[in-house]
Each structure stands twice: as C-alpha cells, then as structure tokens.
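Input: a single structure, listed below in structure tokens.
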Amino acid sequence: MQLSAGFVDVSQMMELDMMKHHSLEDVLQKVETSLSHRGAKRFESKTENSKTLIRACFCRNFELSTYHEGSNVPTLLANCLDHITSNINMYDLEDFPDEYLINKMIHRLKRQKKLNNSTLRQLLVPILEHLDLDGVYVTEGTIKLIWRSCPNLKVISLKDCGYVSTDNLMEQLLKNLPSLESINLCACKHLTDRTLKALCRYSKNLRQLNLSWIRTMSEKAIIDLMIKCTQLKHLDIYDHKISPEGRRCMVDIAKPRGLTVVLKGLNDQQVAPANPCLMLPNFGLTW
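1 is the number of the first residue of the sequence shown in the numbering used here; add one for each residue after it.
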C-alpha cells in the first residue's frame with residue numbers, strides 16, 4: 001500500500017485479505033463514527049485526487065509493507081531483520097549506530113511476543129533515544145538495565161508496566177536519565193506523589209507526561225509538578241479526580257505557558273485539546 005503521512009488509500013486497504021469480510025460502506029462508516037473511551041474520534045479521513053484516504057488518530061502510522069511493491073517478495077531489510085531477530089543472542093549491538101533499525105527490531109519482537117529480558121539485554125544500547133515498552137513484561141532488572149545501557153534516552157513508554165513500576169525504581173530511573181523529555185506512565189498504578197517529586201527534581205527537560213489511569217497521586221502534587229516542570233507542554237491526567245478549584249488553578253498555570261492538559265470534563269479551549277486521541281500514546285513523537 002502507498003502511504004503518505006500515515007494516510008492509506010481505503011480502496012487499496014480493501015484489497016487486503018483481512019478485509020474480505022467487510023464492505024467499503026461499513027469501513028467508511030466506522031471511520032466516521034468510531035470513538036474511543038474518551039469520546040474522541042479514532043480515525044480521520046480526507047479526499048485527495050478523487051481518492052479517500054484514512055489513518056488512525058493515535059500518532060501511529062500504518063506500517064510500511066515488508067514486501068516489494070506488487071509482489072510477495074520480502075525486501076532485503078525485512079529479510080535481514082528477520083534473521084537478526086531470530087538469532088539475536090549471536091549479535092553484539094552495543095556499538096551499532098542506527099537507532100531506527102534497533103527500534104525496528106524491538107517493535108518486531110514485541111509484535112511477535114518475543115520481547116523479553118533476554119532479547120532486551122541485546123537491544124538496550126547507548127544509541128537509543130526512544131524506547132516503547134508498552135505492555136511488555138519487564139522486571140526490576142530490566143528497568144535497571146535501561147538506565148545503565150541507554151543513558152541518552154529522551155522518550156520512554158512504560159504504559160501498563162505497573163506491576164514493576166514502583167516509586168523507588170522510578171526515582172532511580174529519573175535520576176539516571178536526566179535527558180528524558182517524554183514519559184508515558186499510563187496505568188502504572190503503584191506510583192504516588194513521591195514519583196511526582198522525583199520528576200520535579202530530576203526531569204528538567206520534561207515536555208510531555210502521561211499519568212492517566214493512576215489514582216494514587218494527589219491534586220496538590222500534580223499542580224506542584226505543573227509549576228516546577230517549566231518546560232512541560234503536554235500533561236495527560238485524564239481520569240484524575242481534580243476539584244473545581246484545582247481545575248481553575250491548572251488552567252491559570254497552563255494558559256500563559258501554552259501547556260495542554262488532558263483532563264475529563266476540562267473544556268477550556270486554550271488548554272484542553274479538541275481531540276484527546278491526538279495526544280496518545282506519546283504526544284506525537286515517532287518511535
């Protein structure tokens with residue numbers, strides 16, 4: 001399929017075998033009506049040169065085909081990545097210079113459900129600036145390996161890694177990764193105000209933070225973080241319980257700085273995004 005900024009021609013998509021049980025009308029209706037649990041559109045469409053193009057609204061583009069156009073012949077890159085990821089323990093990638101390819105390997109193993117502590121030990125290397133462990137089973141040892149092996153990390157997602165994400169471990173992570181700019185801690189439900197204090201202390205470059213689905217952080221600590229993290233531009237606290245007074249305070253802090261806040265029921269047009277889905281899961285940063 002031909003891609004442009006993540007958009008795909010819906011007519012080409014309908015030719016895929018996985019779409020054989022769906023009609024074009026059903027797909028287009030789904031694109032226009034499907035909403036997330038936050039009530040925001042999941043997809044967007046546009047017409048270009050008489051073609052209908054669609055894409056998801058979650059900052060994730062459709063993946064490039066692993067085959068040569070118009071054939072079932074895998075590309076050289078796909079073959080190489082398959083071989084390396086199938087024999088990952090045979091390779092020393094510590095000095096490998098291409099972050100894009102390392103992340104392609106991580107994504108491929110994650111999709112195959114083969115990303116574990118053993119494979120991560122081979123793939124967590126100094127060149128990495130972006131790391132997405134969303135939903136991956138990691139241990140305390142893996143988290144420690146991240147800050148020891150990836151000192152240049154700028155973007156990290158630990159979404160749904162709540163079983164291992166504790167205040168103590170998070171404090172060490174933040175202390176040892178001072179360059180972090182974007183952090184996704186969605187559903188790390190054991191974290192408390194102590195982690196917010198660590199963010200204020202160590203994450204001076206923090207621009208984007210996702211704290212949704214965490215109910216163990218206080219309103220006061222969140223407001224304090226908004227004040228002290230002066231570089232912060234996007235904050236997701238969608239389901240937190242914030243008092244009317246707290247909401248007014250947050251708006252007053254956010255407006256002068258152009259800080260976007262995702263919070264259920266917050267409707268201030270200068271602060272709240274029109275479509276919260278555009279903020280997920282990593283606020284537009286590409287992995």
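Here a beta-carbon is modelled for each residue, glycine too, at the ideal position from N, C-alpha and C.
Runs of beta strand (DSSP E) lying entirely within the segment 23 to 82, each at least 3 residues, in chain order: 43 to 48, 51 to 56
Local Cβ density within 10 Å of ASP132, reported as buried at 16 or more and exposed below that: As a working note, residue 132 is residue 132 in the sequence shown. Under this definition ASP132 is a buried residue.
Rounded straight-line distance, which links the Cα of LEU199 to that of PRO178: Mapped onto the sequence shown, residue 178 falls at position 178. Mapped onto the sequence shown, residue 199 falls at position 199. Distance between the alpha carbons of PRO178 and LEU199: 10 Å.
Coil, strand or helix - GLN12 by DSSP: Looking up residue 12 in the sequence shown gives position 12. It is helical.
Simplified DSSP assignment, three categories, for THR85: By one-based count along the sequence shown, residue 85 stands at place 85. Note: THR85 maps to helix in three-state DSSP.
Through-space distance from SER157 to PRO281, alpha-carbon basis: By 1-based counting over the sequence shown, the position of residue 281 is 281. By 1-based counting over the sequence shown, the position of residue 157 is 157. Here PRO281 scores only 45 on pLDDT, less than 50, and its place in the model is too uncertain to base an answer on.
CA nearest to the CA of LEU206, picked from LEU174, SER212, LEU191: Position 206 of the sequence shown, counting from 1, holds the residue named residue 206. Nearest option by C-alpha distance: LEU174.
For GLU15 and ASN61, the rounded distance between their alpha carbons: Numbered from its first residue, the sequence shown carries residue 61 at position 61. Numbered from its first residue, the sequence shown carries residue 15 at position 15. Per-residue confidence for ASN61 stands at a pLDDT of 43, beneath the threshold of 50, marking its modelled position as unreliable; no derived number is given.
Residue-level contact to chain B via CB, MET14, 8 Å cutoff: Reference to chain B is not applicable here, since this structure consists of a single protein chain.
Assigned exposure category for HIS68 - 16 Cβ within 10 Å defines buried: The residue given as residue 68 occupies position 68 in the sequence shown. That one is exposed.
Straight-line Cα distance separating ILE253 from MET19: Along the sequence shown, one-based indexing puts residue 19 at 19. Along the sequence shown, one-based indexing puts residue 253 at 253. C-alpha separation (whole angstroms): 47 Å.
As assigned by DSSP and simplified to three states, the class of THR230: By one-based count along the sequence shown, residue 230 stands at place 230. Note: THR230 maps to coil in three-state DSSP.
Span separating the alpha-carbon of ARG108 from that of ARG55: Stepping through the sequence shown from its first residue, residue 108 is reached at position 108. Stepping through the sequence shown from its first residue, residue 55 is reached at position 55. Pairing ARG108 with ARG55, the inter-Cα distance amounts to about 21 Å.
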